[in-house]
Structure formats: structure tokens, C-alpha cells
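Chains as they are written, first to last, in our numbering: chain Y, 19 to 294; chain C, 3 to 220. Don't be surprised by glycine CBs; every beta carbon is placed ideally from N, CA and C. Remarks on the structure that follows.
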Amino acid sequence: MALSNVLEIPAAGFNFENAARNAALEERFGGGKTPKPLKTGTTIAGVVFKDGVVLGADTRATSSEVVADKMCAKIHYIAPNIYCCGAGTAADTEKTTDILSSNLAIFSLNSGRNPRLVMAASILQDTLYRYHGTIGANLILGGVDCTGNHLYKVGPWGSVDTMSYMAMGEFWDLAAMGILEDRFKPDMEIEEAKELVRAAIHSGIMSDLGSGNNIDICVITRDGVDYIRPFQESQFKDNRKNKYKYRPGTTPILTQKVVPLKLEVVQETVLRMDTS
Amino acid sequence: DVSDAAARFCPKRSGSGMDREEVSTGTTIMAVEYDGGVVIGADSRTTTGAYIANRVTDKLTPIHERIFCCRSGSAADTQAIAEVVAYQLAPLVETAAHLFKASCYRYREELTAGILVAGWDRRRGGQVYCVPIGGMLVRQPVSVGGSGSTYIYGFMDSNYKPNMTKEQCLELTASALTLAMERDGSSGGVVRLASISESGVERRVILGNQLPKIVSTH
Chain Y
19 MALSNVLEIP
29 AAGFNFENAA
39 RNAALEERFG
49 GGKTPKPLKT
59 GTTIAGVVFK
69 DGVVLGADTR
79 ATSSEVVADK
89 MCAKIHYIAP
99 NIYCCGAGTA
109 ADTEKTTDIL
119 SSNLAIFSLN
129 SGRNPRLVMA
139 ASILQDTLYR
149 YHGTIGANLI
159 LGGVDCTGNH
169 LYKVGPWGSV
179 DTMSYMAMGE
189 FWDLAAMGIL
199 EDRFKPDMEI
209 EEAKELVRAA
219 IHSGIMSDLG
229 SGNNIDICVI
239 TRDGVDYIRP
249 FQESQFKDNR
259 KNKYKYRPGT
269 TPILTQKVVP
279 LKLEVVQETV
289 LRMDTS
Chain C
3 DVSDAAARFC
13 PKRSGSGMDR
23 EEVSTGTTIM
33 AVEYDGGVVI
43 GADSRTTTGA
53 YIANRVTDKL
63 TPIHERIFCC
73 RSGSAADTQA
83 IAEVVAYQLA
93 PLVETAAHLF
103 KASCYRYREE
113 LTAGILVAGW
123 DRRRGGQVYC
133 VPIGGMLVRQ
143 PVSVGGSGST
153 YIYGFMDSNY
163 KPNMTKEQCL
173 ELTASALTLA
183 MERDGSSGGV
193 VRLASISESG
203 VERRVILGNQ
213 LPKIVSTH
């Protein structure tokens, strides 16, 4: 059965449609610095435990040195039994997981089945390989299907790895991976697994300026999904409110003076409009 | 300073965090023919620049029931090619090797893939074919590949003898891979072995601390 696709698979061979557009955009900036894309300089992690999979991510999205989003959602919905953490260019991870989710929804409707992890991983691999690394998406795909609990790591060039625990971060995943290597045990209980992922993300947040704010956790088991957002809130909370609305009467009116403006008609011209 | 450390780790970084180097199986792979089948082996390290992305990789990829390929080079490229070849369900080892060659030679400018194709079929028994970067195809009784292979050509040349038994081939492969892993920074982890014959495929893993102890000056 051919897979119906949300978007048309492009024709084989080279496609230079965007070259003229890209050149024009670059010219706009007059040879100076083009704006940097919004990136999730991120820490994400995943762990397979006895009854399923736990995925975790921080919630900071940066645009160069500025924190653009303090409560960014990096754990994306793919299917009722599959979620995906995304690191790299925010737009790329969003869109890639979105398209994957739509295609798997079509598959589910066509076949009456929940999609399997291998299928999601293969589609991701296929798409990313086709773009030869230009889509900056580093993804950790996790979920439970009829064949068991799975975790896949998909790189931007289209390589797929499967392991029982994995992490990705800005400077690779040094900090988070250290925690996982030290404390991972096969067949953990759910609370242990959640705590391990939290600790891994926390170490990433502490060691990397591109990761921070809160920690989101997503637990996927055969019985369902528990998306805990946030699982842990940042200790450095902000008391600023983003909206500043004042109720009418906040500013007291001390005096009021009304001056009517007398206007004279000096000149009048009529322009006929053709409304036929 | 964190950014200095990163620059030392990965000198190709151009400012933004995520343009890492491509994931590469800087590797050691080996395949040996014996009377009745083949023995194949690989290390388990996949690197992104200087960082080990996966320390338990399986580089021995099944193509068909009794045909495997050992992958070295770019992880993405070799996985993609292997899928294309596996899809075509070639029953003969020679056919599978030719399919690999077809892809590797046609797209030689764009791909970085060095592959060993090995297996057993009814027509010619155990066979090993080497498809290095560039897309050459040659059948050899014993072949090594990957970045670590340079360190073991001498060992292979002097220790391989025709008409060895399966056990001798397994020992030879394990020793050769151990030597290469010792010297090559991009190879390491565990040694994965498989023997393919008429009766099927037998896989085994030799963990780091169980590798053969080879006497050396250090």
C-alpha cells in the first residue's frame, strides 16, 4: 500500500527554484549579517524503562544570545503513542515533526492501526537524508507500539541510532549523557526513570547557556501518555507580567476643560466617482 | 571557558551550535571467507567529530537472509544505501554486491561509503566482496575496511591462510579488530561478530574487557 503523503514528494534530480530567491534575500542585508535563525540550543533526553519510554526536554529557545522563548515546547506530538523531542533549528524541528505527524495520521486512517516507531523513524530518515543535512533537526523519537518500547535518535544527515537511553544537547550531550551513563539501569520503575531524565536535563541546563528555564517530561506507556509541562520549574522565576492593562479610572482626573473648535467651510469640491 | 572547550573539541565549528560534523562510522570492519561460509566483524563506535555519538553501534547490517554488509564511512549514506539494496531482495551475494557498487559508483561524488558485502548462497558458497569509496567492486577471500583498517593490513596479510576453519576465522577477526581498536581513535567499543553459512547466521558480541589480550610494548 503506497503511503499517501501530506506534501508531494519532489521530483528526482536537482531543484534550483530557491536560488534566485535566496540571492535576493541576501542582497537585502547588503552583505552584512543575516539574522540568525531561532534555535533550540537545547538539552533533550530519553530513557526506556520497564513499562514504556520517558522523554524530557528543557524549555529555552535562543536567537543568538537572547532567550526568545522561555516556555518553548520541545516535545512534539507525533501520534497517540509516539512523541518526539527536537533540538536544532526550531522551525526545522517544528515543521519536520508536524509533517511526520500529519502523514502518520493519514496512515492511521487508511490502515486502522497506530503507527509503529520504525515507520516514524524510517520516514524521518528518508526525509532528512533527501535534504542532505540542510534541515537542522536532531530528533529523539520515543514511544510504545505493538512491538515494544522504543527510542530512536535521528541526526540531521539522516542517520538513525537506537539505544535504551540517549541525550542530545548544544555541545553534543556531554552533561546529560554523563548522568545517563552513570545512573541508567535496564527495566527501571516509572518514578526512577522520570527522576533520571529530570536529572539529565537539569545537568544540561546547569552546564549549558543555551538550555534553561523549565523541564518538560513526557511519559509514554501502553496505557497512555502523561505530558507533564512543566515537570520542574526554574528556581529563577520572573515576576514580570507581560500584560499591563489598567482599569478605567486608575489615573485620577483633576481638572477638565472643553474648548469647542469653530470651523468654517472655506472651499468645497465635488469629485464624481464612477461606480458602475 | 565553555566556548573554548567546544572549539578545541570540534575545530570546524563556525559559531552556531548545531552545525556539527556529519555522523561518521570511523570504523574497522573485516570479512573472511572460509569453506562453508563467511565470518564478518566490526567495532561499535560512531563519532560526530571527536564525540562518540553511539558506543554500541551495530555496523553489521542484514541485506537478505544470508547476506550482510559491513558499513564504514558516513552513517547516513551507508544506512540509506543499505536500505535501497535490501529492498531489492537479491538472493545471491554477487548480485547484492553489484547493487551496492551501482549506487556507490553512480553517486561517488556525493557519497562517503566503504562497504564490505559478505554472505553465503547456494551457488558459490561463502563470498566476500569489497566496495570501497569510489565504487570499485572486487571479490577477495579476506578484506578489511574503515579508518582502522590501515593498522591491520600487515596482520591480515601475515596471519590469513586459505582453508581455515570457522573458529580460526572468528579468532583472526577478533584479534585483528582488537589491534585496530587499540590504535585507531575512531574505532572502539565492543567487537560484533557474525558467521554466515548454510545453516544460518550466528551473532556474537565480545565486550571490551573480554577482548583477546595482545601483548604490546605499552
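(message) Considering just the uninterrupted stretch of the beta strand (DSSP E) at Thr-80/Y, what are its terminal residues?
(response) 79–81
(request) Quick one: residues in its chain with C-beta nearer than 7 angstroms to the C-beta of Glu-199/Y, no 5 flanking neighbours on either side, listed in chain order? (result) none
(message) Using only the alpha-carbon positions, how far apart do Gly-222/Y and Met-137/Y sit?
(response) 30 angstroms
(request) Please name the residue in Val-65/Y, Asn-121/Y, Ala-79/Y and Ala-42/Y whose C-alpha comes closest to that of Asn-232/Y. (result) Ala-79/Y
(message) DSSP three-state label for Met-186/Y, please.
(response) strand
(request) Go ahead and pull the three-state DSSP assignment for Glu-199/Y. (result) helix
(request) Below 6 angstroms CB to CB, which residues in the same chain sit around Leu-135/Y once its five sequence neighbours on both sides are set aside? (result) Gly-161, Asp-163 and His-168
(request) Give a yes or no on whether 8 angstroms exceeds the smallest Cβ distance from Thr-59/C to chain Y. (result) yes
(message) For the region 176–188 of chain Y, list every residue whose C-beta sits within 8 angstroms of some C-beta in chain C, in sequence order.
(response) Gly-176, Ser-177, Val-178, Asp-179, Met-181 and Glu-188
(request) Find out if the Cβ-Cβ distance for the pair Thr-29/C, Ser-189/C is shorter than 8 angstroms. (result) yes
(message) Tell me which residues of the region 101–131 of chain C have at least one Cβ-Cβ distance to chain Y shorter than 7 angstroms, keeping chain order.
(response) none
(request) Go ahead and label Glu-35/C buried or exposed: buried means 16 or more other beta carbons lie within 10 angstroms of its beta carbon, across all protein chains shown. (result) buried
(message) Between the alpha carbons of Leu-289/Y and Ser-119/Y, how many angstroms are there, rounded?
(response) 58 angstroms
(message) With DSSP as the reference, identify every bridge partner of His-66/C, one or two as the case may be.
(response) Ile-69/C
(message) For a test of the three-state rule: what should DSSP assign to Asn-23/Y, helix, strand or coil?
(response) coil
(message) Counting only beta-carbon separations shorter than 8 angstroms, does Tyr-147/Y have a partner in chain C?
(response) yes
(message) Please tell me whether Val-25/C has its Cβ less than 8 angstroms away from any Cβ of chain Y.
(response) yes
(message) Give me the residue from Ala-196/C, Phe-102/C, Gly-210/C and Ile-69/C with the minimum Cα distance to Ala-82/C.
(response) Phe-102/C
(request) Could you confirm whether any beta carbon from chain Y is found closer than 8 angstroms to the beta carbon of Gln-81/C? (result) yes
(request) Compare the C-alpha of Tyr-95/Y against each of Ala-185/Y, Gly-196/Y and Ile-158/Y and name the closest. (result) Ile-158/Y
(request) Could you tell me which of Pro-98/Y, Asn-23/Y, Glu-44/Y and Thr-77/Y sits nearest to Arg-240/Y, measuring between CA atoms? (result) Pro-98/Y
(request) Could you work out which residues of chain C lie near Gly-64/Y, taking near to mean beta carbons separated by less than 9 angstroms? (result) Near Gly-64/Y there are no residues of chain C at all, since even the closest Cβ is about 14 angstroms away, more than 9 angstroms.
(message) With a threshold of 8 angstroms between beta-carbons, can Gln-143/Y be considered close to chain C, or not?
(response) yes
(request) Measure from the alpha carbon of Ile-62/Y to the alpha carbon of each residue in Tyr-245/Y, Glu-35/Y, Ile-117/Y and His-220/Y, then state which is nearest. (result) His-220/Y
(message) Short of 6 angstroms in beta carbon distance, which residues of its chain neighbour Ile-93/Y, apart from the five on each side in sequence? Order them along the chain.
(response) Leu-73, Ala-75, Tyr-101, Cys-103, Asp-234 and Cys-236
(message) Within 8 angstroms of any Cβ in chain Y, is that where the Cβ of Lys-14/C sits?
(response) Unreliable placement is indicated for Lys-14/C, whose pLDDT of 37 sits below 50; the coordinate value is still reported in the next sentence. Not an interface residue.
(message) Please classify Asp-179/Y as buried or exposed, where buried requires at least 16 neighbouring CB atoms within 10 angstroms.
(response) buried
(request) Give the straight-line distance between the Cα atoms of Leu-91/C and Phe-254/Y, rounded to the nearest whole angstrom. (result) 58 angstroms
(request) Between the Cα of Thr-165/Y and those of Ala-38/Y, Trp-175/Y, Asp-69/Y and Pro-204/Y, spot the shortest distance and give me the residue it belongs to. (result) Asp-69/Y
(request) Let me know if Arg-148/Y comes out buried or exposed under the rule of 16 or more other beta-carbons within 10 Å of its beta-carbon. (result) exposed
(message) Once DSSP output is grouped into helix, strand and coil, what is the label at Gln-143/Y?
(response) helix
(request) Kindly provide the ranges of any alpha helix (DSSP H) runs that are 4 or more residues long and lie completely inside the region 30–112 of chain C, ordered along the chain. (result) 77–89 and 95–108
(message) For Ile-69/C, count the other beta carbons within 10 Å of its own beta carbon; 16 or more makes it buried, fewer makes it exposed. Which is it?
(response) buried
(request) Measure the C-alpha to C-alpha separation of Met-158/C and Lys-203/Y and round it to an integer number of angstroms. (result) 39 angstroms
(message) Looking at chain Y, is there any beta carbon in it that lies within less than 8 angstroms of the beta carbon of Asn-56/C?
(response) yes
(request) Leaving aside the five residues before and after Asn-23/Y along the sequence, list all residues of the same chain whose C-beta is less than 7 angstroms from its C-beta, in chain order. (result) Asn-121
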